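For what it's worth, my numbering labels the leading residue of the sequence shown as 79, then goes sequentially.
All residues carry an ideal CB built from backbone N, CA and C; glycine is no exception.
Treat the numbers as computed from the prediction; the structure is a model and nothing was measured.
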Amino acid sequence: MPRLSSLAAVALVGLASLAAAPAAAQHFPTDDPVIRAMWAEGMERSQTEPLAHTLIDVIGPRLAGSPGLAAAQDWLLETYAAWGVPARREQYGTWTGWQPGALHVEMTAPRVQPLAAEILAWSPATDGPVEGAVVMPPADLTAETADAWLATLDGAFVLLDAPEPTCRAPQEMEANARPETGARLDSLRDEMRADWAQRWEAVGGARERTGRLEAAGIAGTLGSRWSRGWGANKVFSTTNERAVGLDVSCEDYGLLARLAASGHAPRIRVDAEAEALGEVPQFNVIAEMRGTELPDEYVLLSAHLDSWHAATGATDNGTGTLTMLEAMRILKATYPNPRRTILVGHWGAEEVGLIGSGSFREDHPEVVAGLQVGFNQDNGTWRFERIEGQGFLDTAAHLPMWMAAVPTEIQAQVTVEVPGEQNNRGSDHTSFVCAEAPVLRLQSPYDEYRQYTWHTNLDTYDKIVFDDLKQNATLAAMLVYRASEDPERMSREMAVLPDDPRTGEPRTSGPCFPPRRAPQN
79 MPRLSSLAAV ALVGLASLAA APAAAQHFPT DDPVIRAMWA EGMERSQTEP LAHTLIDVIG
139 PRLAGSPGLA AAQDWLLETY AAWGVPARRE QYGTWTGWQP GALHVEMTAP RVQPLAAEIL
199 AWSPATDGPV EGAVVMPPAD LTAETADAWL ATLDGAFVLL DAPEPTCRAP QEMEANARPE
259 TGARLDSLRD EMRADWAQRW EAVGGARERT GRLEAAGIAG TLGSRWSRGW GANKVFSTTN
319 ERAVGLDVSC EDYGLLARLA ASGHAPRIRV DAEAEALGEV PQFNVIAEMR GTELPDEYVL
379 LSAHLDSWHA ATGATDNGTG TLTMLEAMRI LKATYPNPRR TILVGHWGAE EVGLIGSGSF
439 REDHPEVVAG LQVGFNQDNG TWRFERIEGQ GFLDTAAHLP MWMAAVPTEI QAQVTVEVPG
499 EQNNRGSDHT SFVCAEAPVL RLQSPYDEYR QYTWHTNLDT YDKIVFDDLK QNATLAAMLV
559 YRASEDPERM SREMAVLPDD PRTGEPRTSG PCFPPRRAPQ N
(Lines of atoms letter the chains of each structure in order from A and count residues from 1; the text may use other names and numbers.)
(Lines give C-alpha, C1' and ligand atoms only; values in the text may rest on other atoms or scores of the structure.)
Protein backbone atom coordinates (compact mmCIF):
# COMPACT_ATOMS: atom_id res chain seq x y z
CA MET A 1 0.00 0.00 0.00
CA PRO A 2 1.61 3.29 -1.01
CA ARG A 3 1.74 5.99 1.63
CA LEU A 4 -0.19 9.15 0.84
CA SER A 5 2.22 12.08 0.70
CA SER A 6 0.03 14.92 1.94
CA LEU A 7 -3.59 15.69 2.69
CA ALA A 8 -5.60 18.67 3.79
CA ALA A 9 -6.41 19.03 7.46
CA VAL A 10 -9.91 17.75 6.80
CA ALA A 11 -10.41 15.01 4.24
CA LEU A 12 -14.00 14.27 3.33
CA VAL A 13 -14.44 10.70 2.17
CA GLY A 14 -17.84 10.86 0.53
CA LEU A 15 -20.57 13.43 0.51
CA ALA A 16 -23.84 11.52 0.42
CA SER A 17 -25.57 9.05 2.71
CA LEU A 18 -26.41 5.89 0.76
CA ALA A 19 -28.16 2.73 1.86
CA ALA A 20 -26.12 -0.45 2.04
CA ALA A 21 -26.34 -2.21 -1.31
CA PRO A 22 -26.20 -5.94 -2.02
CA ALA A 23 -22.74 -7.40 -2.39
CA ALA A 24 -23.05 -7.73 -6.16
CA ALA A 25 -23.72 -4.00 -6.50
CA GLN A 26 -20.69 -2.89 -4.53
CA HIS A 27 -17.79 -1.18 -6.22
CA PHE A 28 -14.41 -2.22 -4.88
CA PRO A 29 -11.76 0.43 -5.61
CA THR A 30 -8.92 -2.12 -5.47
CA ASP A 31 -8.81 -5.76 -6.39
CA ASP A 32 -8.07 -6.84 -2.82
CA PRO A 33 -9.32 -10.40 -2.21
CA VAL A 34 -9.31 -9.91 1.58
CA ILE A 35 -11.60 -6.87 1.34
CA ARG A 36 -13.95 -8.80 -0.97
CA ALA A 37 -13.95 -11.79 1.40
CA MET A 38 -14.68 -9.50 4.36
CA TRP A 39 -17.62 -7.98 2.53
CA ALA A 40 -19.05 -11.42 1.75
CA GLU A 41 -18.46 -12.70 5.30
CA GLY A 42 -19.81 -9.63 7.05
CA MET A 43 -22.73 -8.67 4.81
CA GLU A 44 -23.88 -12.05 3.46
CA ARG A 45 -23.10 -14.29 6.44
CA SER A 46 -23.55 -11.83 9.29
CA GLN A 47 -24.00 -13.23 12.79
CA THR A 48 -25.07 -9.93 14.34
CA GLU A 49 -28.71 -10.90 14.92
CA PRO A 50 -28.15 -14.17 16.82
CA LEU A 51 -25.28 -12.59 18.75
CA ALA A 52 -27.48 -9.61 19.67
CA HIS A 53 -30.32 -11.87 20.77
CA THR A 54 -28.06 -13.63 23.27
CA LEU A 55 -26.37 -10.49 24.58
CA ILE A 56 -29.38 -8.16 24.69
CA ASP A 57 -32.40 -10.42 25.17
CA VAL A 58 -31.02 -13.41 27.07
CA ILE A 59 -28.27 -11.82 29.21
CA GLY A 60 -29.73 -8.31 29.32
CA PRO A 61 -28.44 -5.44 31.53
CA ARG A 62 -24.75 -5.46 32.43
CA LEU A 63 -24.28 -3.04 35.31
CA ALA A 64 -20.79 -2.86 36.80
CA GLY A 65 -20.66 -5.29 39.70
CA SER A 66 -23.73 -7.24 38.60
CA PRO A 67 -24.12 -10.93 37.72
CA GLY A 68 -25.35 -9.76 34.31
CA LEU A 69 -21.94 -8.31 33.44
CA ALA A 70 -20.22 -11.48 34.63
CA ALA A 71 -22.58 -13.59 32.50
CA ALA A 72 -21.82 -11.47 29.43
CA GLN A 73 -18.08 -11.92 30.01
CA ASP A 74 -18.52 -15.70 30.30
CA TRP A 75 -20.47 -15.68 27.03
CA LEU A 76 -17.77 -13.70 25.24
CA LEU A 77 -15.11 -16.18 26.32
CA GLU A 78 -17.26 -19.10 25.15
CA THR A 79 -18.01 -17.40 21.83
CA TYR A 80 -14.39 -16.61 21.07
CA ALA A 81 -13.36 -20.14 22.03
CA ALA A 82 -15.90 -21.56 19.56
CA TRP A 83 -14.35 -19.39 16.84
CA GLY A 84 -10.81 -20.43 17.71
CA VAL A 85 -9.83 -16.95 18.90
CA PRO A 86 -7.75 -16.84 22.11
CA ALA A 87 -9.48 -14.73 24.76
CA ARG A 88 -8.91 -14.09 28.43
CA ARG A 89 -10.43 -12.36 31.42
CA GLU A 90 -8.17 -9.80 33.14
CA GLN A 91 -9.01 -8.56 36.63
CA TYR A 92 -8.45 -4.84 37.14
CA GLY A 93 -10.09 -4.28 40.53
CA THR A 94 -13.34 -4.67 42.44
CA TRP A 95 -16.75 -3.01 42.55
CA THR A 96 -19.93 -3.02 44.62
CA GLY A 97 -21.96 -6.07 43.63
CA TRP A 98 -25.71 -5.57 43.24
CA GLN A 99 -28.58 -7.33 41.53
CA PRO A 100 -32.07 -5.83 41.07
CA GLY A 101 -35.17 -7.99 41.14
CA ALA A 102 -38.89 -7.42 40.68
CA LEU A 103 -40.33 -3.93 41.18
CA HIS A 104 -43.95 -2.94 41.69
CA VAL A 105 -44.97 0.68 42.23
CA GLU A 106 -48.54 1.97 42.35
CA MET A 107 -50.35 5.03 43.62
CA THR A 108 -52.97 4.08 46.21
CA ALA A 109 -54.49 7.53 46.97
CA PRO A 110 -56.30 9.68 46.00
CA ARG A 111 -56.99 6.91 43.47
CA VAL A 112 -55.33 3.68 42.39
CA GLN A 113 -52.95 3.78 39.43
CA PRO A 114 -49.83 1.82 38.48
CA LEU A 115 -46.74 4.00 38.13
CA ALA A 116 -43.85 3.64 35.69
CA ALA A 117 -40.68 3.55 37.78
CA GLU A 118 -37.20 2.06 37.90
CA ILE A 119 -35.04 1.23 40.90
CA LEU A 120 -31.79 3.18 40.98
CA ALA A 121 -28.52 1.27 40.82
CA TRP A 122 -27.17 0.03 44.17
CA SER A 123 -30.41 0.98 45.93
CA PRO A 124 -31.52 -0.90 49.03
CA ALA A 125 -34.60 -3.08 48.65
CA THR A 126 -37.84 -2.74 50.55
CA ASP A 127 -38.76 -5.33 53.15
CA GLY A 128 -41.82 -6.47 51.23
CA PRO A 129 -44.51 -3.99 50.13
CA VAL A 130 -44.19 -0.58 51.80
CA GLU A 131 -46.89 2.10 51.64
CA GLY A 132 -46.47 5.74 52.54
CA ALA A 133 -47.31 9.33 51.82
CA VAL A 134 -45.61 11.23 49.00
CA VAL A 135 -44.26 14.57 50.21
CA MET A 136 -42.28 17.47 48.83
CA PRO A 137 -40.21 20.12 50.60
CA PRO A 138 -42.43 23.09 51.49
CA ALA A 139 -41.94 26.34 49.61
CA ASP A 140 -41.07 28.23 52.80
CA LEU A 141 -38.51 25.69 54.07
CA THR A 142 -35.49 27.30 55.73
CA ALA A 143 -32.46 26.04 57.58
CA GLU A 144 -34.22 27.00 60.82
CA THR A 145 -37.39 25.00 60.00
CA ALA A 146 -35.70 22.03 58.32
CA ASP A 147 -35.44 19.92 61.49
CA ALA A 148 -39.14 20.33 62.24
CA TRP A 149 -40.07 19.29 58.70
CA LEU A 150 -37.70 16.32 58.75
CA ALA A 151 -39.39 15.12 61.94
CA THR A 152 -42.63 14.62 59.96
CA LEU A 153 -41.13 12.30 57.32
CA ASP A 154 -41.13 8.92 59.05
CA GLY A 155 -42.38 6.35 56.51
CA ALA A 156 -42.78 8.91 53.70
CA PHE A 157 -41.57 8.91 50.09
CA VAL A 158 -39.85 12.20 49.31
CA LEU A 159 -39.85 13.95 45.93
CA LEU A 160 -36.31 15.14 45.15
CA ASP A 161 -36.60 16.84 41.76
CA ALA A 162 -38.62 19.67 40.31
CA PRO A 163 -41.41 18.29 38.09
CA GLU A 164 -41.47 19.12 34.39
CA PRO A 165 -44.13 21.54 33.10
CA THR A 166 -44.49 19.36 29.97
CA CYS A 167 -43.22 15.96 28.92
CA ARG A 168 -43.44 16.67 25.19
CA ALA A 169 -40.20 16.33 23.22
CA PRO A 170 -38.63 19.77 22.56
CA GLN A 171 -38.45 19.28 18.79
CA GLU A 172 -42.22 18.74 18.75
CA MET A 173 -42.79 21.87 20.77
CA GLU A 174 -40.58 23.76 18.35
CA ALA A 175 -42.47 22.37 15.34
CA ASN A 176 -46.03 22.74 16.64
CA ALA A 177 -46.28 25.19 19.53
CA ARG A 178 -46.53 28.94 19.28
CA PRO A 179 -43.15 30.55 19.99
CA GLU A 180 -44.57 32.32 23.01
CA THR A 181 -45.85 29.00 24.36
CA GLY A 182 -42.40 27.44 24.12
CA ALA A 183 -40.80 30.48 25.71
CA ARG A 184 -43.31 30.45 28.57
CA LEU A 185 -42.72 26.74 29.27
CA ASP A 186 -38.94 27.20 29.19
CA SER A 187 -39.23 30.08 31.64
CA LEU A 188 -41.55 28.07 33.88
CA ARG A 189 -39.13 25.14 33.89
CA ASP A 190 -36.26 27.39 34.94
CA GLU A 191 -38.36 28.94 37.69
CA MET A 192 -39.46 25.55 39.04
CA ARG A 193 -35.90 24.22 39.13
CA ALA A 194 -34.62 27.31 40.89
CA ASP A 195 -37.48 27.09 43.40
CA TRP A 196 -36.77 23.43 44.21
CA ALA A 197 -33.05 24.01 44.50
CA GLN A 198 -33.72 26.76 47.04
CA ARG A 199 -36.04 24.50 49.05
CA TRP A 200 -33.48 21.71 49.25
CA GLU A 201 -30.66 24.10 50.08
CA ALA A 202 -32.19 24.41 53.53
CA VAL A 203 -31.49 20.71 54.12
CA GLY A 204 -27.91 20.73 52.86
CA GLY A 205 -25.85 19.37 49.99
CA ALA A 206 -26.66 16.09 48.24
CA ARG A 207 -24.83 13.76 50.63
CA GLU A 208 -25.87 15.66 53.75
CA ARG A 209 -29.46 15.72 52.51
CA THR A 210 -29.49 11.96 51.96
CA GLY A 211 -28.14 11.31 55.43
CA ARG A 212 -30.67 13.61 57.10
CA LEU A 213 -33.59 12.13 55.15
CA GLU A 214 -32.63 8.57 56.01
CA ALA A 215 -32.07 9.51 59.65
CA ALA A 216 -35.62 10.90 59.63
CA GLY A 217 -36.95 7.45 58.75
CA ILE A 218 -38.14 7.99 55.17
CA ALA A 219 -39.34 4.95 53.24
CA GLY A 220 -37.77 6.07 49.97
CA THR A 221 -36.69 8.83 47.62
CA LEU A 222 -38.36 9.59 44.28
CA GLY A 223 -36.62 11.40 41.44
CA SER A 224 -37.19 11.91 37.73
CA ARG A 225 -34.41 12.57 35.22
CA TRP A 226 -36.43 13.10 32.07
CA SER A 227 -34.48 12.64 28.83
CA ARG A 228 -36.62 15.16 26.89
CA GLY A 229 -38.30 12.49 24.75
CA TRP A 230 -41.51 10.47 24.86
CA GLY A 231 -41.27 7.94 27.69
CA ALA A 232 -37.52 8.31 28.12
CA ASN A 233 -35.84 8.80 31.49
CA LYS A 234 -32.15 8.56 32.27
CA VAL A 235 -31.68 6.16 35.18
CA PHE A 236 -28.49 6.16 37.20
CA SER A 237 -27.69 5.37 40.84
CA THR A 238 -28.39 6.38 44.42
CA THR A 239 -26.29 6.85 47.52
CA ASN A 240 -29.18 5.75 49.77
CA GLU A 241 -28.04 3.23 52.35
CA ARG A 242 -31.40 2.26 53.91
CA ALA A 243 -34.32 3.75 51.96
CA VAL A 244 -35.22 2.60 48.45
CA GLY A 245 -34.33 5.01 45.63
CA LEU A 246 -36.57 5.18 42.57
CA ASP A 247 -36.70 7.05 39.29
CA VAL A 248 -40.31 7.78 38.24
CA SER A 249 -41.40 8.55 34.68
CA CYS A 250 -41.83 12.19 33.71
CA GLU A 251 -45.62 12.33 33.81
CA ASP A 252 -46.13 9.97 36.76
CA TYR A 253 -43.65 12.05 38.74
CA GLY A 254 -45.48 15.20 37.67
CA LEU A 255 -48.77 13.67 38.78
CA LEU A 256 -47.43 12.96 42.26
CA ALA A 257 -45.94 16.45 42.54
CA ARG A 258 -49.15 18.16 41.44
CA LEU A 259 -51.25 16.14 43.87
CA ALA A 260 -48.87 16.86 46.73
CA ALA A 261 -48.80 20.57 45.89
CA SER A 262 -52.62 20.79 45.75
CA GLY A 263 -53.10 19.05 49.10
CA HIS A 264 -54.61 15.84 47.72
CA ALA A 265 -52.18 13.72 49.76
CA PRO A 266 -50.89 11.10 47.31
CA ARG A 267 -49.77 7.76 48.66
CA ILE A 268 -47.81 5.02 46.94
CA ARG A 269 -47.03 1.38 47.59
CA VAL A 270 -43.60 0.04 46.63
CA ASP A 271 -42.35 -3.53 46.55
CA ALA A 272 -38.72 -3.48 45.41
CA GLU A 273 -36.41 -6.46 45.34
CA ALA A 274 -32.64 -6.00 45.19
CA GLU A 275 -29.67 -7.94 46.49
CA ALA A 276 -26.43 -6.41 47.75
CA LEU A 277 -23.57 -8.76 46.84
CA GLY A 278 -20.66 -7.13 48.63
CA GLU A 279 -17.40 -6.22 46.91
CA VAL A 280 -16.83 -8.39 43.85
CA PRO A 281 -13.92 -8.71 41.38
CA GLN A 282 -14.18 -6.88 38.06
CA PHE A 283 -12.69 -7.78 34.70
CA ASN A 284 -11.98 -6.84 31.12
CA VAL A 285 -12.27 -9.47 28.40
CA ILE A 286 -9.40 -9.35 25.91
CA ALA A 287 -9.34 -11.33 22.65
CA GLU A 288 -6.18 -11.59 20.57
CA MET A 289 -4.91 -12.64 17.14
CA ARG A 290 -1.13 -12.63 17.37
CA GLY A 291 0.80 -10.82 14.66
CA THR A 292 3.02 -12.86 12.36
CA GLU A 293 5.55 -10.16 11.39
CA LEU A 294 5.15 -7.39 13.99
CA PRO A 295 3.71 -9.12 17.06
CA ASP A 296 4.73 -6.24 19.34
CA GLU A 297 2.74 -3.71 17.36
CA TYR A 298 -1.01 -3.63 17.89
CA VAL A 299 -4.29 -2.73 16.26
CA LEU A 300 -7.08 -2.42 18.83
CA LEU A 301 -10.84 -2.89 18.59
CA SER A 302 -12.46 -1.19 21.59
CA ALA A 303 -15.94 -1.11 23.15
CA HIS A 304 -17.29 -1.20 26.67
CA LEU A 305 -19.42 -4.17 27.70
CA ASP A 306 -21.06 -2.75 30.82
CA SER A 307 -24.36 -0.84 30.74
CA TRP A 308 -26.84 0.80 33.01
CA HIS A 309 -29.65 -1.40 34.26
CA ALA A 310 -33.04 0.20 33.50
CA ALA A 311 -33.09 -1.31 30.00
CA THR A 312 -30.92 -3.91 28.26
CA GLY A 313 -28.06 -1.71 27.10
CA ALA A 314 -28.76 -2.35 23.42
CA THR A 315 -27.18 0.79 21.97
CA ASP A 316 -25.00 1.67 24.97
CA ASN A 317 -23.07 -0.30 24.36
CA GLY A 318 -24.46 -3.57 23.03
CA THR A 319 -24.05 -2.38 19.46
CA GLY A 320 -20.44 -1.34 20.04
CA THR A 321 -19.72 -4.69 21.68
CA LEU A 322 -21.37 -6.56 18.79
CA THR A 323 -19.51 -4.48 16.21
CA MET A 324 -16.15 -5.47 17.66
CA LEU A 325 -17.17 -9.08 18.33
CA GLU A 326 -18.46 -9.58 14.79
CA ALA A 327 -15.47 -7.74 13.34
CA MET A 328 -13.19 -10.23 15.08
CA ARG A 329 -15.21 -13.12 13.65
CA ILE A 330 -14.82 -11.64 10.17
CA LEU A 331 -11.09 -11.13 10.71
CA LYS A 332 -10.61 -14.70 11.93
CA ALA A 333 -12.45 -16.04 8.87
CA THR A 334 -10.72 -13.85 6.25
CA TYR A 335 -7.42 -12.63 7.73
CA PRO A 336 -6.31 -15.26 10.26
CA ASN A 337 -2.59 -14.41 10.11
CA PRO A 338 -2.37 -10.66 10.67
CA ARG A 339 0.85 -8.73 10.20
CA ARG A 340 0.41 -6.87 13.50
CA THR A 341 -1.28 -8.24 16.62
CA ILE A 342 -5.01 -7.56 16.71
CA LEU A 343 -6.61 -7.06 20.11
CA VAL A 344 -10.23 -6.60 21.15
CA GLY A 345 -10.92 -4.90 24.46
CA HIS A 346 -14.38 -5.49 25.92
CA TRP A 347 -14.06 -3.04 28.79
CA GLY A 348 -15.75 -3.15 32.16
CA ALA A 349 -17.03 -0.18 34.16
CA GLU A 350 -16.93 2.48 31.46
CA GLU A 351 -20.20 3.87 32.81
CA VAL A 352 -18.71 4.63 36.20
CA GLY A 353 -15.52 6.30 35.04
CA LEU A 354 -13.72 4.58 32.12
CA ILE A 355 -12.27 2.20 34.69
CA GLY A 356 -11.72 -0.91 32.57
CA SER A 357 -9.98 0.83 29.68
CA GLY A 358 -7.99 3.09 31.99
CA SER A 359 -6.80 0.07 33.95
CA PHE A 360 -5.76 -1.70 30.75
CA ARG A 361 -3.75 1.36 29.76
CA GLU A 362 -1.93 1.28 33.11
CA ASP A 363 -1.48 -2.50 33.13
CA HIS A 364 -0.25 -2.85 29.55
CA PRO A 365 2.32 -0.15 28.74
CA GLU A 366 3.66 -2.44 26.01
CA VAL A 367 0.35 -2.18 24.13
CA VAL A 368 0.22 1.60 24.56
CA ALA A 369 3.82 1.89 23.32
CA GLY A 370 3.26 -0.49 20.41
CA LEU A 371 -0.17 0.72 19.32
CA GLN A 372 -0.50 1.38 15.60
CA VAL A 373 -4.12 2.51 15.98
CA GLY A 374 -7.34 1.63 17.76
CA PHE A 375 -11.01 2.01 16.87
CA ASN A 376 -13.61 2.61 19.58
CA GLN A 377 -17.41 2.53 19.15
CA ASP A 378 -19.86 3.69 21.78
CA ASN A 379 -22.89 5.55 20.55
CA GLY A 380 -25.81 3.60 19.39
CA THR A 381 -27.09 2.29 16.12
CA TRP A 382 -27.14 3.67 12.56
CA ARG A 383 -24.21 3.60 10.15
CA PHE A 384 -20.86 5.15 10.99
CA GLU A 385 -21.01 8.69 9.69
CA ARG A 386 -17.73 10.12 10.98
CA ILE A 387 -14.21 9.07 11.96
CA GLU A 388 -12.11 11.74 13.64
CA GLY A 389 -8.34 11.59 13.87
CA GLN A 390 -8.40 12.76 17.52
CA GLY A 391 -5.72 15.34 16.85
CA PHE A 392 -3.02 12.92 15.61
CA LEU A 393 -1.30 14.53 12.65
CA ASP A 394 -0.39 11.28 10.94
CA THR A 395 -4.03 10.23 10.63
CA ALA A 396 -4.11 12.51 7.58
CA ALA A 397 -1.66 10.19 5.82
CA HIS A 398 -3.04 6.84 7.04
CA LEU A 399 -6.78 6.94 7.71
CA PRO A 400 -7.93 8.01 4.22
CA MET A 401 -5.53 5.46 2.74
CA TRP A 402 -7.10 2.70 4.81
CA MET A 403 -10.57 3.85 3.80
CA ALA A 404 -9.59 3.97 0.13
CA ALA A 405 -9.82 0.19 -0.25
CA VAL A 406 -13.32 -0.26 1.18
CA PRO A 407 -16.35 -0.30 -1.14
CA THR A 408 -17.06 3.13 -2.55
CA GLU A 409 -20.67 2.92 -1.37
CA ILE A 410 -19.41 2.82 2.24
CA GLN A 411 -16.85 5.54 1.59
CA ALA A 412 -19.70 7.77 0.43
CA GLN A 413 -21.33 7.56 3.85
CA VAL A 414 -18.33 8.38 6.06
CA THR A 415 -16.73 11.74 6.75
CA VAL A 416 -13.08 11.42 7.75
CA GLU A 417 -11.83 14.38 9.79
CA VAL A 418 -8.05 14.55 10.09
CA PRO A 419 -6.25 15.37 12.22
CA GLY A 420 -9.44 16.33 14.10
CA GLU A 421 -10.11 18.41 17.18
CA GLN A 422 -11.06 15.78 19.78
CA ASN A 423 -14.66 16.95 19.56
CA ASN A 424 -16.02 14.06 21.57
CA ARG A 425 -14.07 12.83 24.58
CA GLY A 426 -16.74 10.85 26.37
CA SER A 427 -15.73 7.24 25.98
CA ASP A 428 -12.93 4.68 26.27
CA HIS A 429 -10.85 6.12 23.42
CA THR A 430 -9.91 8.96 25.79
CA SER A 431 -8.23 6.44 28.13
CA PHE A 432 -5.62 6.03 25.40
CA VAL A 433 -5.62 9.42 23.69
CA CYS A 434 -4.60 11.01 27.00
CA ALA A 435 -1.41 8.92 26.76
CA GLU A 436 -0.95 10.02 23.11
CA ALA A 437 -1.88 6.55 21.88
CA PRO A 438 -4.11 6.88 18.77
CA VAL A 439 -7.50 5.32 19.42
CA LEU A 440 -10.14 6.79 17.10
CA ARG A 441 -13.89 7.04 17.59
CA LEU A 442 -16.25 5.42 15.06
CA GLN A 443 -19.16 7.85 15.29
CA SER A 444 -22.80 7.18 14.46
CA PRO A 445 -25.50 9.90 14.43
CA TYR A 446 -25.75 11.32 17.92
CA ASP A 447 -28.83 13.43 18.62
CA GLU A 448 -31.50 10.71 18.74
CA TYR A 449 -29.18 8.45 20.71
CA ARG A 450 -28.56 11.10 23.38
CA GLN A 451 -32.26 11.88 23.65
CA TYR A 452 -33.83 8.45 23.57
CA THR A 453 -31.46 5.59 24.37
CA TRP A 454 -28.29 6.88 26.07
CA HIS A 455 -28.59 5.68 29.68
CA THR A 456 -32.39 5.46 29.44
CA ASN A 457 -35.13 2.96 30.15
CA LEU A 458 -35.73 2.67 26.36
CA ASP A 459 -32.32 1.26 25.36
CA THR A 460 -33.66 -2.04 24.07
CA TYR A 461 -33.21 -4.59 21.26
CA ASP A 462 -35.85 -3.02 18.99
CA LYS A 463 -33.70 0.10 18.58
CA ILE A 464 -30.92 -1.81 16.75
CA VAL A 465 -30.79 -1.33 12.97
CA PHE A 466 -29.15 -4.57 11.85
CA ASP A 467 -28.48 -3.53 8.25
CA ASP A 468 -26.26 -0.80 9.65
CA LEU A 469 -24.79 -2.91 12.45
CA LYS A 470 -23.49 -5.57 10.07
CA GLN A 471 -22.02 -2.89 7.80
CA ASN A 472 -20.33 -1.24 10.78
CA ALA A 473 -18.75 -4.53 11.84
CA THR A 474 -17.59 -5.17 8.28
CA LEU A 475 -16.07 -1.71 7.96
CA ALA A 476 -14.34 -2.09 11.35
CA ALA A 477 -12.78 -5.36 10.18
CA MET A 478 -11.61 -3.72 6.94
CA LEU A 479 -10.02 -0.82 8.80
CA VAL A 480 -8.22 -3.17 11.17
CA TYR A 481 -6.93 -5.24 8.25
CA ARG A 482 -5.65 -2.17 6.41
CA ALA A 483 -4.02 -0.76 9.56
CA SER A 484 -2.39 -4.09 10.31
CA GLU A 485 -0.95 -4.36 6.80
CA ASP A 486 0.20 -0.75 6.57
CA PRO A 487 3.95 -0.81 5.81
CA GLU A 488 4.54 2.24 7.98
CA ARG A 489 3.98 2.92 11.65
CA MET A 490 1.71 5.86 12.49
CA SER A 491 3.44 8.55 14.53
CA ARG A 492 2.25 10.03 17.83
CA GLU A 493 2.76 13.67 16.83
CA MET A 494 -0.21 15.82 17.83
CA ALA A 495 -1.79 18.80 16.09
CA VAL A 496 -2.34 22.05 17.95
CA LEU A 497 -5.82 21.63 19.38
CA PRO A 498 -8.41 24.41 19.74
CA ASP A 499 -8.34 26.62 22.81
CA ASP A 500 -9.88 25.33 26.00
CA PRO A 501 -12.63 27.86 26.82
CA ARG A 502 -11.90 27.47 30.52
CA THR A 503 -8.24 28.49 30.25
CA GLY A 504 -7.93 30.28 26.91
CA GLU A 505 -4.93 28.05 26.15
CA PRO A 506 -4.78 25.29 23.50
CA ARG A 507 -6.20 22.18 25.08
CA THR A 508 -4.11 19.03 25.40
CA SER A 509 -4.83 15.34 25.08
CA GLY A 510 -3.99 14.66 28.72
CA PRO A 511 -3.50 14.21 31.50
CA CYS A 512 -4.50 10.61 32.10
CA PHE A 513 -6.35 10.12 35.37
CA PRO A 514 -5.76 6.98 37.43
CA PRO A 515 -8.75 4.63 37.21
CA ARG A 516 -10.78 4.01 40.33
CA ARG A 517 -10.21 0.30 40.86
CA ALA A 518 -12.35 -0.12 43.97
CA PRO A 519 -15.60 1.41 45.26
CA GLN A 520 -15.40 4.32 47.64
CA ASN A 521 -16.41 3.58 51.20
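With contacts defined as CB atoms closer than 9 Å, E168 and N454 fail to qualify as a contacting pair. Boundaries of the alpha helix (DSSP H) harbouring G146: 145-161, taken from the DSSP string. Per DSSP, the continuous alpha helix (DSSP H) segment holding R271 begins and ends at 257-279. Here G332 really is in contact with P241; their C-beta atoms are around 4 Å apart, less than 8 Å. Counting C-beta atoms within 10 angstroms of its own C-beta, E196 has 16 or more neighbours from the protein chains shown and is therefore classed as buried.
In the three-state scheme derived from DSSP, where H, G and I count as helix and E and B as strand, A321 is classed as coil. In this model, A253 and G423 are separated by some 43 Å (Cα to Cα). Remark: C-beta atoms of S201 and T316 approach each other more closely than 9 Å. By alpha-carbon distance to T397, the top candidate from I542, R417, E428 is I542. In this structure, P597 and W173 form a Cβ contact; the two beta carbons are roughly 6 Å apart against a cut-off of 8 Å. Using a 10 angstroms sphere on the CB of W386, the tally of other CB atoms reaches 16 or more, which defines it as buried.
Sorting A515, R267, D349 by C-alpha distance to the C-alpha of A447 places A515 at the top. Looking at the backbone, the Cα of G179 and that of G138 are separated by about 13 Å. When DSSP states are grouped into helix, strand and coil, I542 belongs to the coil group.
Within 10 angstroms of the beta-carbon of W308 lie fewer than 16 other beta-carbons, which makes it exposed.
Straight-line measurement puts the Cα of L154 at about 14 Å from the Cα of A405.
In this structure, DSSP gives G298 an extended state, which the three-state scheme calls strand. For N254, the enclosing alpha helix (DSSP H) covers residues 248-254. In this structure, A350 places its C-beta atom within 9 Å of the C-beta atom of T204.
Only buried fits A321, as 16 or more other CB atoms lie within 10 angstroms of its CB. About 14 Å separates the Cβ atoms of H476 and M556, ruling out a contact at the 8 Å cut-off. For R166, the enclosing beta strand (DSSP E) stretches over residues 165-187. Straight-line spacing of the CA atoms in G426 and L383 works out to 6 Å.
Comparing alpha carbon positions, the residue from Q450, T157, L403 closest to R418 is Q450. Straight-line spacing of the CA atoms in L237 and L324 works out to 10 Å.
Under DSSP, I465 shares a beta bridge with V494, L520. Going by beta carbons, P589 and C512 fall inside the 9 Å limit. Going by DSSP, D349 is part of the beta strand (DSSP E) stretching over 345-367. Cβ atoms of P497 and F470 come within 8 Å of each other, at about 6 Å. Nearest to S587 by alpha-carbon distance, out of R594, R246, Y158, M572, is M572. According to DSSP, residue pairing for E526 in a beta bridge does not occur.
Between R277 and A217, the beta carbon gap of about 7 Å places them in contact (Cβ cut-off 8 Å). In the DSSP assignment, I197 falls within the beta strand (DSSP E) that extends over 195-197. Nearest Cα to P248 within the set A310, R290, E209: A310. Classified as buried, V558 has 16 or more neighbouring CB atoms from the shown chains inside 10 Å of its CB. Between T220 and D506, the alpha-carbon positions lie close to 43 Å from each other.
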